[in-house]
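**Student:** Residue numbers (UniProt numbering): 1 to 345.
Pasting the structure below:
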């Protein structure tokens, strides 16, 4: 199977390097059926990896269907999000986002200053409750209170909320790990080839809330301004309202309407970095002009803080040198968080 994977990525790279562009623009978001993954056969794995290679070198976004996550659990997570954001402001502010980037992020607390896409002149019109991966109290980062290593914050007197969100988090983590294996295969590598980058993955789960907006709002006011995601991959659950848009190669903003039973998976900057620009990280934004409240639950799965990230050998050679330097993921992430978010002291 590994021979087949290498042959397929070699064919893609050969065409690309000969000037036969493999990248195509798009007008809608494709689908990936994950059912073959659960057959536990080489044929099933290869079929999904081939789809991932094609889609994430061209589009960077896809609907995932037959992903194995219970729809009841997804809806329970959305109800938990509504319950939290319906709390009085004073209760939410008791767990206001701290220096560990965990807790309640009020409206207008984020602005994408560090971006090459568009200058965000106005703060994002959205709120969020954020939890992240638990870090061992014995770790150096925890002891030094650095690199976001600290405890999660939870609202008082809401035990079912914590239980639901924790269960959802664990389910999404399992799916994300499986998709990392699929991406490894799409890169022409063995399924476990990227495991060392995710020994202690950096994870953020956000319960995102976009309040209803006035009928007429400025063109440069966004629920979330245009950006690419910092990490490796993002799994997004949307409610029924819509508002997510992605930018195609022609500069057009394409709607990503909600589809029941699906997740959106988009590739982040670290996929672009590790593949030396052969895979893409697609700009996207949220504009809520529906007149309704919008909820979304993004799950960000990112490398370990101290993972060393550089273009992989399979994507470079003497004629195609690395376009990016070797970095520690913590340096990349913390630079962007400090530039784009107002977090506690």
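Where a beta carbon is used, it is the ideal one built from N, C-alpha and C, also for glycine.
If residue 263 sits next to residue 67, beta carbons under 8 Å apart, how far is it from one beta carbon to the other, in whole angstroms?
**Tutor:** Right, their Cβ atoms sit about 6 Å apart.
**Student:** The beta strand (DSSP E) that contains residue 56, what's its start and end?
**Tutor:** Counting along the chain, residue 56 falls outside any beta strand (DSSP E), though it belongs to the alpha helix (DSSP H) covering 42 to 56.
**Student:** Please report the straight-line C-alpha distance between residue 76 and residue 164, rounded to a whole angstrom.
**Tutor:** The alpha-carbon atoms of residue 76 and residue 164 are separated by roughly 7 Å.
**Student:** Using the Cβ count rule (16 or more neighbours within 10 Å means buried), how would you classify residue 186?
**Tutor:** Burial call: buried.
**Student:** What do you get for residue 339, buried or exposed, if any count of 16 or more other CB atoms within 10 angstroms of its CB means buried?
**Tutor:** Exposed, since its Cβ has fewer than 16 Cβ neighbours within 10 Å.
**Student:** Do you know how far the Cα of residue 237 is from the Cα of residue 357?
**Tutor:** What the structure shows of the chain is the stretch from 1 to 345, and residue 357 is not part of that stretch, so it cannot be assessed.
**Student:** For residue 208 and residue 104, what's the separation of their Cα atoms in angstroms?
**Tutor:** Distance between the alpha carbons of residue 208 and residue 104: 10 Å.
**Student:** Less than 9 Å separating the beta-carbons of residue 296 and residue 203?
**Tutor:** No, Cβ-Cβ distance for residue 296 and residue 203 is not below 9 Å.
**Student:** Buried or exposed: where does residue 34 fall if 16 or more other Cβ atoms within 10 Å of its Cβ makes it buried?
**Tutor:** Buried, since its Cβ has 16 or more Cβ neighbours within 10 Å.
**Student:** I believe residue 188 touches residue 302 by the beta-carbon criterion, under 8 Å. Please report the beta-carbon distance rounded to the nearest angstrom.
**Tutor:** With 8 Å as the limit, residue 188 and residue 302 do not qualify as a contact, their Cβ atoms being about 22 Å apart.
**Student:** Per the DSSP calculation, residue 222 is bridged to which residue(s)?
**Tutor:** According to DSSP, residue 222 bridges with nothing at all.
**Student:** Just to confirm, are residue 274 and residue 311 a CB contact at a threshold of 9 Å?
**Tutor:** A contact, by the Cβ cut-off of 9 Å.
**Student:** Could you give the DSSP three-state label for residue 255: helix, strand or coil?
**Tutor:** Of the three classes helix, strand and coil, the one that applies to residue 255 here is strand, per DSSP.
**Student:** Once the 5 residues before and after residue 345 are set aside, which same chain residues still bring their CB inside 7 Å of it?
**Tutor:** With a pLDDT of only 43 at residue 345, under 50, the local geometry of the prediction cannot be trusted, and no value is derived from it.
**Student:** Count the other CB atoms, across all protein chains shown, that sit within 10 Å of the CB of residue 332; report buried if there are 16 or more and exposed otherwise.
**Tutor:** By the neighbour-count rule (16 or more Cβ atoms within 10 Å), residue 332 is buried.
**Student:** Could you have a look at residue 31 and say whether DSSP puts it in helix, strand or coil?
**Tutor:** Reduced to three states, the DSSP call for residue 31 is strand.
**Student:** Looking at the structure shown, is residue 266 part of a helix, part of a strand, or coil, going by DSSP?
**Tutor:** Here residue 266 sits in strand by DSSP.
**Student:** Hey, residue 233 and residue 286: beta-carbon distance below 9 Å or not?
**Tutor:** Cβ distance not < 9 Å, so residue 233 and residue 286 don't count as in contact.
**Student:** Applying the criterion that 16 or more other CB atoms from any shown protein chain within 10 Å of the CB defines a buried residue, is residue 307 buried or exposed?
**Tutor:** The residue is buried, with at least 16 neighbouring Cβ atoms inside 10 Å.
**Student:** Quick check on the burial criterion: 16 or more other C-beta atoms within 10 angstroms. Buried or exposed for residue 229?
**Tutor:** The residue is buried, with at least 16 neighbouring Cβ atoms inside 10 Å.
**Student:** Taking 8 Å as the limit between beta carbons, can you name the residues of its chain near residue 142, skipping five residues before and five after?
**Tutor:** So the qualifying residues of the chain are 135, 136, 149 and 150.
**Student:** Tell whether a beta-carbon distance below 9 Å holds between residue 235 and residue 194.
**Tutor:** Taking 9 Å as the Cβ cut-off, residue 235 and residue 194 do not qualify as a contacting pair.
**Student:** Round the Cβ separation of residue 318 and residue 276 to the nearest angstrom and send it over; I've been treating them as touching at under 8 Å.
**Tutor:** With a Cβ gap of about 13 Å, residue 318 and residue 276 do not count as contacting.
**Student:** In the DSSP assignment, find the alpha helix (DSSP H) that holds residue 177 and state where it starts and stops.
**Tutor:** Start and end: 159 to 186.
**Student:** Which same chain residues end up closer than 8 Å to residue 139 when comparing Cβ atoms and leaving out the 5 residues on each side of it in sequence?
**Tutor:** Contacts found: 149.
**Student:** Between the Cα of residue 59 and the Cα atoms of 87, 191 and 254, which residue gives the shortest distance?
**Tutor:** Nearest of 87, 191 and 254 to residue 59, Cα basis: 254.
**Student:** Give the DSSP bridge partners of residue 204, in chain order.
**Tutor:** Its beta-bridge partners are 132 and 300.
**Student:** Here's the rule: buried if 16 or more other CB atoms are within 10 angstroms of the residue's CB, otherwise exposed. What is residue 239?
**Tutor:** Classification of residue 239: buried, given that the 10 Å Cβ count is 16 or more.
**Student:** If you check the beta carbons only, do residue 334 and residue 309 fall under 9 Å apart?
**Tutor:** Contact flag unset, no.
**Student:** Could you tell me the boundaries of the beta strand (DSSP E) in which residue 105 lies?
**Tutor:** Where residue 105 is concerned, the enclosing beta strand (DSSP E) stretches over 103 to 105.
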